[in-house]
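Working notes for the structure below.
2 protein chains.
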Amino acid sequence: MPDYSIGVDMGGTNLRIAAMSTDGQLLEKITLGVKIAMGRDYVIGEMCDAIHRLTAQYGGTGRFLGAGIGVPGIIDLETGMMKKSANLPGWSDYPVRDEIERRLGAKVFLDNDANMAGLGEKWFGAGRDVDNMAMLTLGTGIGGAIILGGKLFYGMSGMAGEFGHVTVEPNGVLCGCGNRGCAERYASATAIVRMAQEAIDSGEAPELSKAASSDPEFSAKSIYNLAIQGDAAAQRIFERFGEVLGILLADLVNVLDLEMFVIGGGVVSAWDAFAPKMFAELRERSLVYAASAPEDPMAKKKGASAQIANYARKKTIITQALLGSDAGLYGAARIPVSQ
Amino acid sequence: MPDYSIGVDMGGTNLRIAAMSTDGQLLEKITLGVKIAMGRDYVIGEMCDAIHRLTAQYGGTGRFLGAGIGVPGIIDLETGMMKKSANLPGWSDYPVRDEIERRLGAKVFLDNDANMAGLGEKWFGAGRDVDNMAMLTLGTGIGGAIILGGKLFYGMSGMAGEFGHVTVEPNGVLCGCGNRGCAERYASATAIVRMAQEAIDSGEAPELSKAASSDPEFSAKSIYNLAIQGDAAAQRIFERFGEVLGILLADLVNVLDLEMFVIGGGVVSAWDAFAPKMFAELRERSLVYAASAPEDPMAKKKGASAQIANYARKKTIITQALLGSDAGLYGAARIPVSQ
Numbered sequence: 006m007p008d009y010s011i012g013v014d015m016g017g018t019n020l021r022i023a024a025m026s027t028d029g030q031l032l033e034k035i036t037l038g039v040k041i042a043m044g045r046d047y048v049i050g051e052m053c054d055a056i057h058r059l060t061a062q063y064g065g066t067g068r069f070l071g072a073g074i075g076v077p078g079i080i081d082l083e084t085g086m087m088k089k090s091a092n093l094p095g096w097s098d099y100p101v102r103d104e105i106e107r108r109l110g111a112k113v114f115l116d117n118d119a120n121m122a123g124l125g126e127k128w129f130g131a132g133r134d135v136d137n138m139a140m141l142t143l144g145t146g147i148g149g150a151i152i153l154g155g156k157l158f159y160g161m162s163g164m165a166g167e168f169g170h171v172t173v174e175p176n177g178v179l180c181g182c183g184n185r186g187c188a189e190r191y192a193s194a195t196a197i198v199r200m201a202q203e204a205i206d207s208g209e210a211p212e213l214s215k216a217a218s219s220d221p222e223f224s225a226k227s228i229y230n231l232a233i234q235g236d237a238a239a240q241r242i243f244e245r246f247g248e249v250l251g252i253l254l255a256d257l258v259n260v261l262d263l264e265m266f267v268i269g270g271g272v273v274s275a276w277d278a279f280a281p282k283m284f285a286e287l288r289e290r291s292l293v294y295a296a297s298a299p300e301d302p303m304a305k306k307k308g309a310s311a312q313i314a315n316y317a318r319k320k321t322i323i324t325q326a327l328l329g330s331d332a333g334l335y336g337a338a339r340i341p342v343s344q
Numbered sequence: 006m007p008d009y010s011i012g013v014d015m016g017g018t019n020l021r022i023a024a025m026s027t028d029g030q031l032l033e034k035i036t037l038g039v040k041i042a043m044g045r046d047y048v049i050g051e052m053c054d055a056i057h058r059l060t061a062q063y064g065g066t067g068r069f070l071g072a073g074i075g076v077p078g079i080i081d082l083e084t085g086m087m088k089k090s091a092n093l094p095g096w097s098d099y100p101v102r103d104e105i106e107r108r109l110g111a112k113v114f115l116d117n118d119a120n121m122a123g124l125g126e127k128w129f130g131a132g133r134d135v136d137n138m139a140m141l142t143l144g145t146g147i148g149g150a151i152i153l154g155g156k157l158f159y160g161m162s163g164m165a166g167e168f169g170h171v172t173v174e175p176n177g178v179l180c181g182c183g184n185r186g187c188a189e190r191y192a193s194a195t196a197i198v199r200m201a202q203e204a205i206d207s208g209e210a211p212e213l214s215k216a217a218s219s220d221p222e223f224s225a226k227s228i229y230n231l232a233i234q235g236d237a238a239a240q241r242i243f244e245r246f247g248e249v250l251g252i253l254l255a256d257l258v259n260v261l262d263l264e265m266f267v268i269g270g271g272v273v274s275a276w277d278a279f280a281p282k283m284f285a286e287l288r289e290r291s292l293v294y295a296a297s298a299p300e301d302p303m304a305k306k307k308g309a310s311a312q313i314a315n316y317a318r319k320k321t322i323i324t325q326a327l328l329g330s331d332a333g334l335y336g337a338a339r340i341p342v343s344q
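Below, the structure written as structure tokens:
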């Protein structure tokens, strides 16, 4: 039997733990109704208990290579501690990784959920056949991961891949990071709701206004539903979303020239509403993307693009994630094997 | 005696050839008044003659490891051929690298001048003490190079580092690449002259207007001279230049989180006119830069920045290039050794 590792996804709703063999087979997945809100010691206790159950179960089949734990927040990779985060009171300045390593007697990797999702898609999802890719996780913000040669690229401080804070509108909406016009202010679930509220306030979105006042769970999903039913105001929101995502992707393709960009996160289910505009912007704005897609009739029209159209042999692939909410869990299980 | 390599810089004004030992000592530099405009066969002939003179001279001291040749244009790394370029008629669809390899009987590396300059600054200039850096060469456009682990990062098609075409103004000035609002439309020598012309046309730049009509060599340098003499219109141009460069750098720091960003190229001599605005934008716009510079009083003022201020231990360094116009030559000599 092959060796195996453990992946943990500390989501806001559930705590999920999976055992996975080194050849990528899911052995068992445990989903606990434990929320991060239950507090640090409780969550760590339940997590370690579940991991012990799995290692007892599969310990006879091969070596236990360690555990990867995906958490929502910024990690100090050197110390394995979490940084201060509004969502995780009590976790900062606590040796999370070392404490779990001590309890498990095995190597533990702590990383943020966006990186784990990127690693999951690379090894088991959309990126299986490429070694160099980036992943954008569209959720309340935009999470980012860069994978080079099959491994996460961290940068100097572990902060590489902050795609959500690339400037797409220099005088745009203020962001919590201090910048104006960050991509995630226009291309995230939070942004969809904000843009809907602005449309409602303008008095020019009667259907959105009706939905917002009648639906107690008015959300990005409700706005998407209106868009696919043909409401112009809702459609404009997803077009703006796609436009900004296209600008962001054009920047990333021009800077990184990676084989693949995988788009995941909850909002990716609105793909049909935002993707056409996203691709239109990308073709218009990225000479590297245009060069990589010589079959694209849009690229042929432009002088500069035509000059370099035969330059690149491979096409930059922009595609949807395949693993949904499991990406981070699978990536966490992979990290002890691949990193 | 140590082994050695040859670097060649095919500039518009001169053809320069250097022999360098593997320990980084310049053995000899030859500058020929040969211009690229003299045509492919003539340039290649003169280049190979000069290389033969150097290998005859230093062949007794150590092994000849090969030659690196920096050229202005886009290279197909696999075939070692140049792509079509307006500035180099007759060079495309010709096996440049293979032909020179054949004549020299040694390994030849062909790469674009921006990559060579980045490699030069990494090994012998501003980046000597870092392994991960990017270089921005501000000239007629913006050239870019990404260096990871001491080696050039090429991306899928050799086009990684197209920093000049990052969008900084989504509805901005049209670029030859097909995009609007590319960084190099605002932060290059060409852009300085264009912005000056716009200021003159607006009728609100009397000094610029006077200089443009009296100086037959009116250029970015003339505009800089007016700026340092206190002309407000000229100063505004460099402030806009710095603002855009700050937006671009903020994007790059957020995406790549590299240790160092080196700014070179002819326009870098106007550093005092654009750098203050550049740093102001960078601090305001990049959470990664702000996190990396906890001693910065600006970072302390912001909630989000304060949260992560103790996260990064090292400071992102943004600095001027040190090698001037020799960067590409030294980088070309290094490439047979390091790549």
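These protein sequences, in sequence, are chains A and B.
Start counting the first sequence at 6; every next residue gets the next number (my numbering).
Start counting the second sequence at 6; every next residue gets the next number (my numbering).
For every residue, glycine included, the Cβ atom is placed at its ideal position computed from N, Cα and C.
Computed from a predicted model, the values in this text were never measured in an experiment.
Need the endpoints of the alpha helix (DSSP H) that residue i sits in, please.
i              : result
residue 246(A) : 237-261
residue 342(B) : 332-343
residue 213(A) : 211-219
residue 99(A)  : Unbroken run through residue 99(A): none, as it is neither H nor E.
residue 228(B) : 225-233
In the DSSP assignment, find the beta strand (DSSP E) that holds residue i and state where it starts and stops.
i              : result
residue 33(B)  : 31-37
residue 117(A) : 113-117
residue 268(B) : 265-269
residue 179(A) : First-last for residue 179(A): undefined, no H or E at that position.
residue 143(B) : 138-143
Quick one: grab the DSSP three-state call for residue i.
i              : result
residue 124(B) : helix
residue 13(B)  : strand
residue 56(B)  : helix
residue 21(A)  : strand
residue 68(B)  : coil
residue 109(A) : helix
residue 157(B) : strand
residue 293(A) : helix
residue 326(B) : coil
residue 196(B) : helix
residue 164(A) : coil
residue 26(A)  : strand
residue 73(A)  : strand
residue 61(A)  : helix
residue 79(A)  : coil
residue 148(B) : strand
residue 185(B) : strand
Report the CB separation of residue i from residue j in whole angstroms; it is logged as a contact under 8 Å.
i              : j              : result
residue 154(B) : residue 292(A) : Incorrect: roughly 27 Å between the Cβ atoms, too far for contact.
residue 322(B) : residue 254(B) : Their Cβ separation, rounded to whole angstroms, is 11 Å, which puts residue 322(B) and residue 254(B) out of contact at 8 Å.
residue 193(B) : residue 144(B) : 7 Å
residue 116(A) : residue 80(A)  : 6 Å
residue 11(A)  : residue 72(A)  : 4 Å
residue 175(A) : residue 174(B) : 6 Å
residue 225(B) : residue 204(B) : Contact doesn't hold; Cβ gap of about 13 Å is too wide.
residue 126(A) : residue 149(A) : So it is not a contact: roughly 12 Å between Cβ atoms.
residue 338(B) : residue 23(B)  : 5 Å
residue 1(A)   : residue 220(A) : Nothing about residue 1(A) can be reported from this structure: the residues present for chain A run from 6 to 344 only.
residue 261(B) : residue 188(A) : That pair is no contact at about 16 Å.
residue 290(A) : residue 252(A) : 6 Å
Would you say residue i reaches chain D, if we count a Cβ-Cβ gap shorter than 7 Å as a contact?
i              : result
residue 103(B) : Reference to chain D is not applicable here, since the protein chains of this structure are A and B.
Subject >> Short-range partners of chain A found in the stretch 176-190 of chain B, where Cβ spacing is below 7 Å >> reply: 181, 182, 183 and 184
Original post:
Using Cβ-Cβ distances below 8 Å, what residues of the stretch 252-281 of chain B are close to chain A?
Top reply: 252, 255, 256, 257, 259, 260, 261, 262, 263 and 264
**OP:** Mind checking the stretch 125-139 of chain B against chain A and listing, in chain order, the residues whose C-beta falls within less than 8 Å of any C-beta there?
**Re:** 137
**OP:** May I ask you to list, following chain order, the residues of the stretch 150-174 of chain A that have a beta carbon less than 9 Å from some beta carbon of chain B?
**Re:** 151, 153, 158, 159, 160, 161, 162, 163, 164, 165, 166, 167, 168, 169, 170, 171, 172, 173 and 174
Subject >> Interface residues of the stretch 99-123 of chain A facing chain B [CB-CB below 9 Å] >> reply: none
Original post:
For the stretch 227-254 of chain B, which residues have a CB atom closer than 7 Å to at least one CB atom of chain A, in sequence order?
Top reply: 252
Original post:
Of all the residues that make up the stretch 33-59 of chain B, which are near chain A by a beta-carbon distance shorter than 7 Å?
Top reply: none
Original post:
What residues in the stretch 10-30 of chain B bring their beta carbon closer than 8 Å to a beta carbon of chain A?
Top reply: none
**OP:** Identify each residue in the stretch 283-299 of chain A for which the Cβ-Cβ distance to at least one residue of chain B is less than 8 Å, and report them in chain order.
**Re:** 289, 290, 291, 292, 293, 295, 296 and 297
**OP:** Note down, in chain order, all residues in the stretch 319-334 of chain A with a beta-carbon under 8 Å from any beta-carbon belonging to chain B.
**Re:** 319 and 321
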